[in-house]
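For reference, the structure is listed below as structure tokens.
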Amino acid sequence: MTTQNQQSIQGGNPAMDGQSGVQRMKAMLFEELENIVRTSRKLMERIQEEEWSYRPQQRDNMNTVQELVCHLAAIPSTDLMILQEHTEAEVVQLEDEFRALGADAGKLGERMSAGLDSLRSYMEALPDEEFLSRRTTPFYIDHPTAQAKWLIEITTHLQHHRAQLFNYLKELGHPVNMFDLY
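Take the sequence shown: its letter number 160 is residue 159 in numbering that gives the first Met the number 0, and every next letter is one higher.
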């Protein structure tokens, strides 16, 4: 095993030296978020024009590829708005902006990356104690959630919908495999 790999496994990333444990955790979560966005964009680019309207097993309760991709691309932006306690109407308006981009993987991917940049700016601006203890309440539940937990929630939300897109592409016959997720 190389020294760099040993340092990474042990948490000794030289780029993180001098950072608090909270800052290191944020950095690791954003490293994962960057990977999710990068690989999601690559999956989006595989979609052929005729595939955007595909709905798995023609089930009405499943999204089309286009609906799924618009939702996936919007997550960094919409979830940031939600954790900042924007109204449902404001979040729906932003979702509509993503839907208006249509079946354009490039534009959706760019907006997804821009949303991640905004999310990072917000989270990195929070002092450690505020990141851990500040709680905000979204419009759809009646209990507050800490900013740290929001960041974890956004990570899992993105992973979930990236996995859905991966499965849709598999069903459509694309040669995707686990290496497309790293």
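Quick reminder that beta carbons are idealized off the backbone N, C-alpha and C, glycines included.
> Can the beta-carbon of Leu107 be found less than 8 Å from the beta-carbon of Leu118?
Replying inline: no
>> Quick test of your reading: Ala72 and Met111, contact by CB under 8 Å. State the CB separation rounded to the nearest angstrom.
In response: 4 Å
> Does the distance from the CB of Asp141 to the CB of Leu42 come in under 8 Å?
Replying inline: no
>> Can you look up Ala88 in the DSSP assignment and give me helix, strand or coil?
In response: Assignment of Ala88 by DSSP, reduced to helix, strand and coil, places it in the helix class.
> Based on the DSSP secondary-structure assignment, which residues constitute the bridge partners of Thr135?
Replying inline: Thr144
> How many Å lie between Ser39 and Arg161 at the Cα?
Replying inline: 6 Å
> Which value, in whole angstroms, describes the spacing of the CA atoms of Gln22 and Tyr139?
Replying inline: It is roughly 29 Å from the alpha-carbon of Gln22 to the alpha-carbon of Tyr139.
> For the alpha helix (DSSP H) that Thr77 lies in, which residues bound it at each end?
Replying inline: Val64 to Leu82
> Rounded to a whole number of angstroms, what is the C-alpha to C-alpha distance between His159 and Asn166?
Replying inline: 11 Å
> Is the distance from the Cβ of Thr154 to the Cβ of Leu82 below 8 Å?
Replying inline: No Cβ-Cβ contact shorter than 8 Å links Thr154 with Leu82.
>> Between the region 45 to 52 and the region 82 to 97, can you find at least three pairs of beta-carbon atoms closer than 8 Å?
In response: no
> With DSSP run on the structure shown, which of helix, strand or coil describes Asp103?
Replying inline: coil
> Under a Cβ-count criterion, where at least 16 other Cβ atoms within 10 Å of its own Cβ denotes burial, should Asp95 be classed as buried or exposed?
Replying inline: exposed
> How many angstroms separate the CA atom of Lys169 from the CA atom of Arg37?
Replying inline: Straight-line measurement puts the Cα of Arg37 at about 19 Å from the Cα of Lys169.
> In whole angstroms, what separates the C-alpha of Glu129 from that of Leu67?
Replying inline: Here the alpha carbon of Glu129 sits roughly 33 Å from the alpha carbon of Leu67.
>> Going by DSSP in three states, Thr1 sits in which element: helix, strand or coil?
In response: Only weak support is given to the placement of Thr1: the predicted model assigns it a pLDDT of 43, under 50, and the value that follows is read from those uncertain coordinates. The answer is coil: DSSP assigns Thr1 none of H, G, I, E or B.
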